[in-house]
Amino acid sequence: MRAVTIAPQAGRGKLALIQAIRPAPAAGEVLVQVASAGVNRADLLQRAGHYPPPPGAPPWPGLEISGTVIVAGHGVSSPRVGDEVVALLEGGGYAEYAVARAAQTLPVPDGVGLVDAAALPEAVCTAWTNLVDTARLRPGEWVLVQGGSGGVGSIAVQLAKALGAHVVATAGGPERVAHVRALGADVVVDHHASDVVAAVREATGGRGVDVVLDVLGGGGLADNVRALAPDGRLVVIGLQQGRRGELDLAAVLATRATVTGTLLRSRTPAEKAAIVAAVREHVWPMVADGRVRPVVHARLPLADADDALTSLERGEVFGKVLLVTGAPAASSGATDAPSAQGWDA
Numbered sequence: 148m149r150a151v152t153i154a155p156q157a158g159r160g161k162l163a164l165i166q167a168i169r170p171a172p173a174a175g176e177v178l179v180q181v182a183s184a185g186v187n188r189a190d191l192l193q194r195a196g197h198y199p200p201p202p203g204a205p206p207w208p209g210l211e212i213s214g215t216v217i218v219a220g221h222g223v224s225s226p227r228v229g230d231e232v233v234a235l236l237e238g239g240g241y242a243e244y245a246v247a248r249a250a251q252t253l254p255v256p257d258g259v260g261l262v263d264a265a266a267l268p269e270a271v272c273t274a275w276t277n278l279v280d281t282a283r284l285r286p287g288e289w290v291l292v293q294g295g296s297g298g299v300g301s302i303a304v305q306l307a308k309a310l311g312a313h314v315v316a317t318a319g320g321p322e323r324v325a326h327v328r329a330l331g332a333d334v335v336v337d338h339h340a341s342d343v344v345a346a347v348r349e350a351t352g353g354r355g356v357d358v359v360l361d362v363l364g365g366g367g368l369a370d371n372v373r374a375l376a377p378d379g380r381l382v383v384i385g386l387q388q389g390r391r392g393e394l395d396l397a398a399v400l401a402t403r404a405t406v407t408g409t410l411l412r413s414r415t416p417a418e419k420a421a422i423v424a425a426v427r428e429h430v431w432p433m434v435a436d437g438r439v440r441p442v443v444h445a446r447l448p449l450a451d452a453d454d455a456l457t458s459l460e461r462g463e464v465f466g467k468v469l470l471v472t473g474a475p476a477a478s479s480g481a482t483d484a485p486s487a488q489g490w491d492a
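The sequence shown begins at 148 in the working numbering and counts up one residue at a time.
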């Protein structure tokens, strides 16, 4: 099979298309013929040598795929051979075939094409577990989504609205602001031109937000704490502005704030299976009825994986870039979801 691996080059990994041995599923696993793989910021870190795959995972990147099950391992009754699925992986999605734990697969939702479905599993699982499990977001509360134009952020905006929350989101530039507003955000702040904390205070009548879902990390820590309402919850899921920041503990004490950091990839298989099961029960109906939809910036061939990651690194992507293998769909019943093809920075 063809796969995309990382070759050291001048201190920075470069992705290269290689021939690799097709994997075989163990007990509790399925082999998927990959139609499409989602591109994520974790793949950028892996390319740079900062985020090695967990033991047992293939050396090539890729945390989410869509495709067709072609082999079911021992003890697997669902999904079945021939089923179209999406899967949450520990790695190895940038390939024509990938092994997935059966408990970390979901059926391709109604109304979403097989290729575009790969934009969903990582972003939806991340948004769901952090907004609901960690932040305990409730209907009627206010949430600030830092990076509303990103892969997770574009899903988090839609999911928070579907859960009955009021959403403030950030984006860079008028065009991206308009696109995030079209996803349903109540207020979208151009972080290039406006003070985000001031905009949050204005939107909430001076109170602040109940939840911040943050991809900035250290560089956004102080403002995120200032944006919180009493008993607010800050959940850090990314480090785009660095891993270190100064935390004003007096502000945390005064507002009884909670500051939490989480990763999805490092969770145990049992934890991931529980998240996937919750997504299937609660979020998949929202996808089927259109309240949550994949946001696809571009679909590129597998051989263009390095270009896809570079585009993501430069901030040119709205939503997700997908790497398409060219594998045929098992059926033609689903149609492609609305796309952001051509949106840029």
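Ideal Cβ placement from N, Cα and C applies to all residues, glycine included. None of the values given here were measured: they were computed from a predicted structure.
Check whether Tyr244 and Val315 have beta carbons under 8 Å apart:
For the pair Tyr244 and Val315, the CB atoms are not nearer than the 8 Å cut-off.
- Query: DSSP three-state call for Val292: helix, strand or coil?
  - Reply: In the structure shown, Val292 falls within a strand segment according to DSSP collapsed to helix, strand and coil.
Exercise. With Leu363 and Val186 assumed to form a contact (beta carbons below 8 Å), what rounded beta-carbon distance in angstroms separates them?
Worked result: With 8 Å as the limit, Leu363 and Val186 do not qualify as a contact, their Cβ atoms being about 20 Å apart.
### Nearest-angstrom Cα separation, counted from Asp453 out to Thr472
In this structure, the CA atom of Thr472 is about 15 Å from the CA atom of Asp453.
Among Val218, Ala312, Ala266 and Val327, which residue has its Cα nearest to the Cα of Leu295? Note that residue 295 is Gly in the sequence shown here, rather than Leu. The shortest CA-to-CA distance from Gly295 to any of Val218, Ala312, Ala266 and Val327 is the one to Val327.
### Message
Looking at the strands, I want to know which residues DSSP matches up with Tyr244.
### Response
For Tyr244, which the question treats as bridged, DSSP gives the partners Gln180.
So what's Ser213 in DSSP terms, helix, strand or just coil?
In this structure, Ser213 counts as strand in the three-state DSSP scheme.
| said: Among the candidates Ala173, Ala318, Val383 and Leu164, whose CA atom is the shortest distance from the CA of Ala332? | reply: Out of Ala173, Ala318, Val383 and Leu164, Ala318 has the C-alpha closest to the C-alpha of Ala332.
Worksheet item: Who does Pro254 pair with in a DSSP beta bridge?
Response: According to DSSP, Pro254 bridges with Val232.
In chain order, what are the residue ranges of uninterrupted beta strand (DSSP E) at least 3 long that sit wholly in the region 365-417? Within the region 365-417, the complete beta strand (DSSP E) runs of at least 3 residues are 375-383 and 405-408.
In three-state DSSP terms, what is Val315? In the structure shown, Val315 sits in a strand (DSSP, three-state: E or B).
Practice problem: Go to Pro321, then tell me how far its alpha helix (DSSP H) extends in each direction, as first and last residue. | Solution: Its alpha helix (DSSP H) spans residues Pro321 to Ala329.
Query raised in the report: For Thr215, is the classification buried or exposed, using 16 other Cβ atoms within 10 angstroms of its Cβ as the cut-off for buried?
Result: With a 10 Å radius around the Cβ and a threshold of 16 neighbouring Cβ atoms, Thr215 comes out buried.
Q.
Output needed for Ala312: all residues of its chain with C-beta closer than 6 Å, excluding positions within five of it in sequence on either side, in chain order.
A. The residues Leu284, Glu288 and Val290, in chain order, have a CB closer than 6 Å to that of Ala312 in the same chain once the five nearest residues on each side in sequence are set aside.
> Are there 16 or more other CB atoms within 10 angstroms of the CB of Ala350, so buried, or fewer, so exposed?
Replying inline: Around the beta carbon of Ala350, 16 or more other beta carbons sit within 10 angstroms, so the residue counts as buried.
- Message: Can you look up Gly185 in the DSSP assignment and give me helix, strand or coil?
- Response: Strand at Gly185.
Notebook entry, point to check: Taking buried to mean at least 16 other C-beta atoms within 10 Å of its own C-beta, is Val196 buried or exposed?
Noted result: Sequence check: residue 196 is Gly here, not Val. The residue in question, Gly196, is exposed, as its Cβ has fewer than 16 Cβ neighbours within 10 Å.
Proximal residues to Thr276 (C-beta, below 6 Å), its chain only, five neighbours per side dropped
Answer for Thr276: Ile422, listed in chain order.
In chain order, what residues of the same chain lie with their CB nearer than 6 Å to the CB of Ala282, ignoring the 5 residues before and after it? Cβ within range, chain order: Val358, Arg380 and Val382.
Does Pro226 come out as helix, strand or coil in the three-state DSSP assignment? Looking at Pro226 - three-state DSSP - the assignment turns out to be coil, as it is neither helix nor strand.
Identity of the residue in Leu459, Ala450 and Asp436 nearest His444 by Cα | Among Leu459, Ala450 and Asp436, the Cα nearest to that of His444 is on Leu459.
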